[in-house]
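A.B. asks: Those protein sequences? They're chains A and B, same order as listed.
Note that our numbering has the first sequence beginning at 29, numbered continuously upward.
Note that our numbering has the second sequence beginning at 29, numbered continuously upward.
Dropping the structure in here first, questions after.
There are 2 protein chains.
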Amino acid sequence: MRRWNGWGDEATTFALPDGADAFLSRVVGPSVAPTDATLALTVAAVEAAGVPAIPGHALVSTEPEDRLRHARGQSLPDWIALRSGRIGRVPDGVARPASAKDVRALIAWARETGMRLVPYGGGTSVLGQLAAPDEAPYISVDLGRMAGLMSLDPASGLATFGPGTAGPDVESALATAGRTLGHYPQSFELSTVGGWIATRSVGQQSIGYGRIDERFAGGTLESPAGTLRMPPHPASAAGPDVRQVVLGSEGRLGIVTEAVLRTSPLPEDERFHAVFFPDWERAYAAAHELAGAELPLSMIRFSTPAETETNLALAGHPGTMRALRAYLGLRGAGRGRAMAVIGAAGGHATVSVALLEAFGILGRHGGVRAPRVGEEWRRNRFRTPYLRDALWSAGYAVDTLETAADWSVVPALLAELAPKMRRALEAEGERVHAFAHLSHVYPSGSSVYVTYVYRLAPDPDATLARWRTVKDAASEVIVRLGGTISHQHGVGRDHRRWLPAEKGELGIRLIESLAATLDPDGIMAPGNLVAGPARGDRPRPGAARARRSGAAAAGGSGGAAPTHDGSPDA
Amino acid sequence: MRRWNGWGDEATTFALPDGADAFLSRVVGPSVAPTDATLALTVAAVEAAGVPAIPGHALVSTEPEDRLRHARGQSLPDWIALRSGRIGRVPDGVARPASAKDVRALIAWARETGMRLVPYGGGTSVLGQLAAPDEAPYISVDLGRMAGLMSLDPASGLATFGPGTAGPDVESALATAGRTLGHYPQSFELSTVGGWIATRSVGQQSIGYGRIDERFAGGTLESPAGTLRMPPHPASAAGPDVRQVVLGSEGRLGIVTEAVLRTSPLPEDERFHAVFFPDWERAYAAAHELAGAELPLSMIRFSTPAETETNLALAGHPGTMRALRAYLGLRGAGRGRAMAVIGAAGGHATVSVALLEAFGILGRHGGVRAPRVGEEWRRNRFRTPYLRDALWSAGYAVDTLETAADWSVVPALLAELAPKMRRALEAEGERVHAFAHLSHVYPSGSSVYVTYVYRLAPDPDATLARWRTVKDAASEVIVRLGGTISHQHGVGRDHRRWLPAEKGELGIRLIESLAATLDPDGIMAPGNLVAGPARGDRPRPGAARARRSGAAAAGGSGGAAPTHDGSPDA
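Next up, the structure:
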C-alpha cells in the first residue's frame, strides 16, 4: 500500500544510518521527533463533497480517503500538511478514466458544470501542481487506469504509453522487447509518463538518453477545445513545435492520453564510476572541461564538498566509510574532497573509449578513482526519497530545489545559493544544512541541485514558515543571478511568481494565450504556471464548497490550513 | 556581386560537367536553352513605391533594383519569376535597420501606417517566405547590417550573433576563438542565423552538432507587442519552451535581433567516408541499423541507386569515375549500387572508434569503402546550388523537396514519392527525373530528400504549372503517408495548405493565437505558416498599391504574374 503521508510503499522503510543522528545534531542541532496525524482522524475530517452526478457513467469517486490521497503531492509543504493533518482543501472527487473517450466525457461534463479538473499521475509533483485550482469544486483525474504499453513499433523504436504508466512499468514493458527509455528521475518508482511530460522531467542519465523533452515524440492531448494530435516525426521544420508547448504545460492545456516516446536499445554495456577530487576548485574545473568535451557519456554528476561529506556521513557502513576516507586521504583527497559520478551506456567499445577519455580529463585535474562507489551510488539512487521519511521521523525536514544556468553564472550560484540558504533562518536562531551538486552538466552550462535540512518546529505552521523563508531566499538568488527557476521540477504554484522574471511579460502572455485557446473556460488546472483566467462572467457551479480548513488529529494548532494558495502571489 | 536571378556570386560559375547533357537528354529529353530576362528591363518594369516618409530617420530605400533584389527567394517559382521577368509584386521599400532600436522604430511605424514587414536574411528561403504578405504595401526588412559576432562567452561557449550573419561569417568569427557552430545547410554560403531560426534549419552534420533548434539557446525577439527576451538556459522545466515557438515562426511573431547559439570546440579530428552497397535493400538495412546504434557520428547520408548514378554522371572527371565504377563493380557494387557518406567529428579516439563501429555495421550489410570519395563529397557540398544555374542555362529546371517520418513510414515514402513525381507530367508527355537520399537519419526515423529535374517549357507559366503539378503530387504522398511537410525548409506559402494535415485544426489555432498575441494587427509577414488575420476593421494605409503584374523583358507571355499567392489555397 502506498504511504498516504510520505514516500513510497509502506512495506519499504530505510532506517536512518548509524551516525546520521549525530551528524545532523552537529550541523543543525538536536531535534524532537514529531507526532504525526493519523490517517483515520484526517479522513474523518474530510467534508462530504458535492459533485453533481455524471450522466451516463460513474467515473467519479467521492470516497473521503480516496479524495484525501489525491489532495497533495510530495513537496515539503505537502508533507507538512499531511503529517500535521492540516490538509486544507481536498478534491471533491476522484475520476478514473479508462480511455480517451472517458477523458473527453469528463472534460465535457466539467465544461457544463464549471468543475475544475486536475490531472493526477504518480502524485509526485513537488511544486503544488495538485493544489485546489481556485474557489470552485475540483476533481482529481487519476490516470492510473490509462497505464501500460499500448504499442511498440520495432522499426522506429517508438513506444506508445498510457499517461499513467509509472517508471518501473515503462522499463519492464520495454525490456521484454530489448529496449529502454533510460529515463530515471529520482521519483522513478512512482512518477508517470504523463507527469514527466507535463513537468518537463529530466532523468539522471539525461546526457545519454535525453531529457523527456527529447524523448517525447508525439501523441494525443485531450483539451476542452478538442483533440490535439501530435505526429511523432523525428524532426520537423513545419512551424513552431506544438509538442514543445505541451511539454511543461502542467495540466493547463489538457490531458495527454497517449504518449509516443523514443526508445533506445538496451545497452550492451553500462558502467558508473566515482572519482574524488582534493577540493572543489579542481572538481569544478574538471566538470567544466568534461562537459565541454561532449563525450558520449550518459551521466556526469559532481557533488560539492558539503554534499560529499553529507553523503559519506549518511551512507551507513561506518567501517567501509572509514576505509574509504583513509584510502582517499592517502591518494590526496582528504578533507574538502568532492565526489563525482560518471556513467556511460552503449556498445562496449564506445563505453570504454568514452570512460577512458573522461578519466584522462578527470585525472589531469587530480581526480582519484574509488572502486565500487559508482556502482553503490547506482544501487541506492532511488532510496533517497525514503530517507526523507526516516529524517522526518527523527525531527528533520528535508527538501530540494534546483536551477540551471550557463557556465558563466554557475560559480556565482554555487557561491551564493546554499550559503544564503544556510543563513536564512538565522533570525530565529535556526541553522539550515544546505549542500549542492551539479546534477546535469551541459556544454553550455549546468544544473545546480540543492538539498537542505532543517529542524521541524513544534508547530507545523512554523515549519512551513521556515520552508517559505528558505525557499524564498533561494528563489531570489536564482532569479537575480539569471538561473531558470526550475531545471527539472516545473512551476506549479510555488514557482509561479518567479516565472515572469524568466519568461518576461510577453512570454507569460504567450503561455496564457495557449491556455485560452485550448481551454477557453479555464477548467484545466487553472493556477498552475500562470494565474487562471479572470472570472465572474460564467455561471458558478451549484456544487457545495469544500471546507477550507482541515485542522484534524494530532499536532494541529487549529490555525488556517497551509495551502499552496497561501503564498504571497496567490 | 550577388546574382540577382540565381544562386550565389556572379563571379562563381560551375559549368555543366562533361556528359551531363547527354545524361539529362537521356533521362528527361533534349532541352532548349531559355532566354532570360535582363536585369535592366526587369528593373525598369518595377513601379514606383508609395512608402510614407519615416519620421526622424531614413531606413527605407525605395530604389527599384534594391526592391527587385528583395522580392524573391530561391524556390523554383522564385527562379521562374526572376528568369522570366514576371516577378509580380516587389516590396514597396527595403529597410536596413542597424539595431534593435531601429527594428522597434520600424515596427512602430508599420503599426501606424498598416505597412507589412517581411524579414529578409540571406534571401535563400525556398517556400515563398518572402512573398507579398497580402494586398497592402510591404517592406522587406534586410538584416544585413545587423550581422556579426556580438559576444562570445568563453565559459559557456554561448555566442551571440546578429540575425543577418551569414554562415561563413559565423564560422570564421568562431574559428578565431577555437569554436564552431557546425551548422552547414546547403545554403550555408548565403543563409543567415536569423533565417535558420525562423525556418528551423538543419545542417548536414546535424547528428554531431544538432539542428538549429538544438543550437538556438535564446536571445531577443522584437515583436509588435514588445520585446521578448529568451534567457539561454541549457535546459529548463519552467513551463512551455518559448524558444521553440520562435523557432519556425517565419517572421510571424517578430524579428530576432540577437541570437544566442551554443557552440562546440573546433574538432580535433573530422573525417568523411563513402561506402557503396550492392543494392538499395542492403543499403537501407545498413542505414536503419546504423541509425539505431546511436554512435557518436556527425553525419549519416544514404543515396538511393537513382541518386547515386546521377551523382556519378554529374560529377565530371569521366576518367576517374570510370575507374571508380570499375573498382566498385569488382568489389560487388555494380549497377544498382547505392552510396552512403558518413562523417565523424571530435577527439581522435572518439572519431576512430565511432567510424570503426560504423564500418563494422556497414560491412556486415555488404558496404564497400571507396577511398577519397567522402572527402570529395565534402569539398563539393556547397557547389550543388551553383549547378542549378548551369542546368537552367541548359534548359532544365531543378528543385528539391524533403520530409521526415518514422522508420515504419520511410519505406512507403521511398516507394511512392520519387516514382509518383517521375510520372507526374505524363499527361503532357514530359518526364521528370526524381531521385532521393536519406539526408538526416535518426534512431526513430529519417528525412527523405528528393531532387527532381524536368525540362523548361517555352512559356514560363507552363514551367511553373509543371512545378506545381509535380510539387502537388509529392506533397499529397507525403501528407497521406504521414510525413512532415518539411524536415528542414519550412512552410512559407507553398506548404501552408498542407500544414493542417500535420498540426491539426487545433495546432493551427495554437499558432494563430501566438501570432495574435505578439502581432495583434497582423503586420508581421502575414500569410506565412497560416493565413493572416481577417481584415476590414482597420484603417487601410494610404500608400499606393504596387503593380501586381510585372510582365517585362524577354521571355514573357504577358500573362498574370506567377506569385506564391496564386496557389489554390491563397
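We treat Cβ as the ideally placed atom computed from N, Cα and C, and that holds for glycine.
(1) Residues of chain A with a CB under 7 Å from the CB of G532(B): which are they?
(2) If we count the other Cβ atoms within 10 Å of its Cβ and call it buried at 16 or more, is K129(A) buried or exposed?
(3) Could you tell me which chain A residues have their CB closer than 8 Å to the CB of L275(B), listed as they occur along the chain?
(4) Within 10 angstroms of its Cβ, does G171(A) collect 16 or more other Cβ (buried), or is it exposed?
(5) Report the option in A187(B), A164(B), A77(B) and A386(B) whose CA atom is closest to the CA atom of A302(B).
(6) Is the Cβ-Cβ distance between G231(A) and G246(A) less than 8 Å?
(7) On a Cα-Cα basis, can you pick out the residue from T479(A), A266(A), A136(A) and I370(A) that is closest to A319(A)?
(8) Which of the three DSSP states is assigned to F305(B) in this structure?
(9) Grab the span of the beta strand (DSSP E) containing Y482(B) for me, first residue to last.
(10) Mapping the DSSP letters down to three states, classify R575(B) as helix, strand or coil.
(11) Mapping DSSP to helix, strand and coil, what is E217(B)?
(12) Short of 8 Å Cβ to Cβ, which residues in the stretch 301-327 of chain B face chain A?
(13) Along chain E, which residues have their Cβ under 7 Å away from the Cβ of Q516(B)?
(14) Using beta-carbon positions only, say whether V122(B) and S153(B) come within less than 8 Å of one another.
(15) Anything in chain A within Cβ reach of S541(B), meaning under 8 Å, just list it in chain order.
(16) Below 9 Å between beta carbons is the criterion; list the residues of the stretch 219-233 of chain A that meet it against any residue of chain B, in chain order.
(17) Let me confirm a value: L384(A) is counted as buried when at least 16 other C-beta atoms fall within 10 Å, else exposed. Which label applies?
(18) Can you name, in chain order, every residue of its own chain whose Cβ lies under 6 Å from the Cβ of V558(B), other than the five neighbours on each side?
(19) Can you tell me the Cβ-Cβ gap for G267(A) and V519(B), rounded? I've got them flagged as a contact below 8 Å.
(20) Throw me the rounded Cβ distance for the A368(A) and F330(A) pair, which I believe falls under 8 Å.
(21) Under a CB-based cut-off of 8 Å, is D549(B) close to chain A?
(22) Can you check the stretch 149-211 of chain A for any beta strand (DSSP E) of at least 3 residues that lies completely inside it and give the ranges in chain order?
(23) Should G394(A) go down as buried or exposed, given a rule of 16 or more other Cβ atoms within 10 Å for buried?
(24) Can you check whether the C-beta of G375(B) is within less than 8 Å of a C-beta belonging to chain A?
(25) Compare the C-beta of S436(A) against all C-beta atoms of chain B and say whether one is closer than 8 Å.
(26) Helix, strand or coil, according to DSSP, for N33(A) in the structure here?
(27) By Cβ distance, which residues of its chain are closer than 6 Å to G236(A), with the 5 residues on each side in sequence left out?
(28) Classify A39(B) as helix, strand or coil using the three-state DSSP reduction.
(29) Select from the stretch 345-363 of chain B all residues with a C-beta closer than 8 Å to any C-beta belonging to chain A, and list them in chain order.
(30) From G195(B) to A366(B), what does the alpha carbon distance come to, in whole angstroms?
(31) Can you grab the Cα-Cα spacing for the pair G222(A) / P213(A), in whole Å?
(32) Residues of chain A with CB closer than 8 Å to the CB of S472(B), please, in chain order.
(33) For the beta strand (DSSP E) holding F244(A), just list the boundary residues, first then last.
(34) Thinking C-beta only, is R207(B) closer than 8 Å to S292(B)?
(35) Taking the Cβ atom as the reference point for each residue, do Q233(B) and N556(B) lie within a distance shorter than 8 Å?
(36) Is the separation between the beta-carbon of G276(A) and that of M552(A) shorter than 8 Å?
C.D. replies: The answer reads as follows:
(1) Going along chain A in sequence order, the residues near G532(B) (Cβ under 7 Å) are L256 and R257.
(2) The residue in question, K129(A), is exposed, as its Cβ has fewer than 16 Cβ neighbours within 10 Å.
(3) Think of a sphere of 8 Å around the beta carbon of L275(B): the chain A residues whose beta carbon falls inside it are P268 and D269, in chain order.
(4) Contrary to the premise, residue 171(A) reads as Leu rather than Gly in this sequence. By the neighbour-count rule (16 or more Cβ atoms within 10 Å), L171(A) is buried.
(5) A check of alpha carbon separations from A302(B) across A187(B), A164(B), A77(B) and A386(B) identifies A386(B) as the nearest.
(6) Taking 8 Å as the Cβ cut-off, G231(A) and G246(A) do not qualify as a contacting pair.
(7) Minimum Cα distance to A319(A) is reached at I370(A).
(8) Secondary structure at F305(B): strand, using DSSP grouped into helix, strand and coil.
(9) In this chain, the beta strand (DSSP E) harbouring Y482(B) covers G473 to R483.
(10) With a pLDDT of 34 at R575(B), under the threshold of 50, the predicted position of this residue should be treated as unreliable, though the coordinate-derived value follows. The answer is coil: DSSP assigns R575(B) none of H, G, I, E or B.
(11) E217(B) falls in the coil class under three-state DSSP.
(12) Only those residues of the stretch 301-327 of chain B whose C-beta falls short of 8 Å from the nearest C-beta of chain A are listed: H316, G320, A321, E322, L323 and P324.
(13) Absence of chain E from the displayed structure is noted, the protein chains being A and B.
(14) Contact flag unset, no.
(15) Near S541(B) (Cβ distances below 8 Å), the residues of chain A are S541, L542, A544 and T545.
(16) Of all residues in the stretch 219-233 of chain A, only T227, R228, S229 and V230 place a beta-carbon less than 9 Å from a beta-carbon of chain B.
(17) Flag for L384(A) reads exposed.
(18) Only I536, I539 and E540 meet the Cβ criterion.
(19) For a cut-off of 8 Å, the C-beta gap from G267(A) to V519(B) is around 5 Å, short enough to register as a contact.
(20) Yes, A368(A) and F330(A) are in contact; Cβ-Cβ is about 5 Å, under 8 Å.
(21) For D549(B), the nearest beta carbon of chain A is not closer than 8 Å to its own beta carbon.
(22) Runs of the beta strand (DSSP E) lying entirely within the stretch 149-211 of chain A, each at least 3 residues long, are 166-170, 177-180 and 186-189 in chain order.
(23) By the neighbour-count rule (16 or more Cβ atoms within 10 Å), G394(A) is buried.
(24) Chain A contact via Cβ: present.
(25) With 8 Å as the cut-off, S436(A) counts as an interface residue toward chain B.
(26) Three-state result, N33(A): coil.
(27) Cβ within range, chain order: S326 and A373.
(28) When DSSP states are grouped into helix, strand and coil, A39(B) belongs to the coil group.
(29) Listed by position along the chain: nothing, the set is empty.
(30) Cα to Cα, the separation comes out at about 30 Å.
(31) Here the alpha carbon of G222(A) sits roughly 14 Å from the alpha carbon of P213(A).
(32) The contacting residues are S184, G185, L186, A245, P260, P262 and R290.
(33) F244 to S251 is the span of the beta strand (DSSP E), which, as asked, contains F244(A).
(34) Yes; because the gap between Cβ atoms is below 8 Å, this pair is in contact.
(35) It is not a contact, given that the beta carbons lie outside the stated cut-off.
(36) No, they are not a contact pair.
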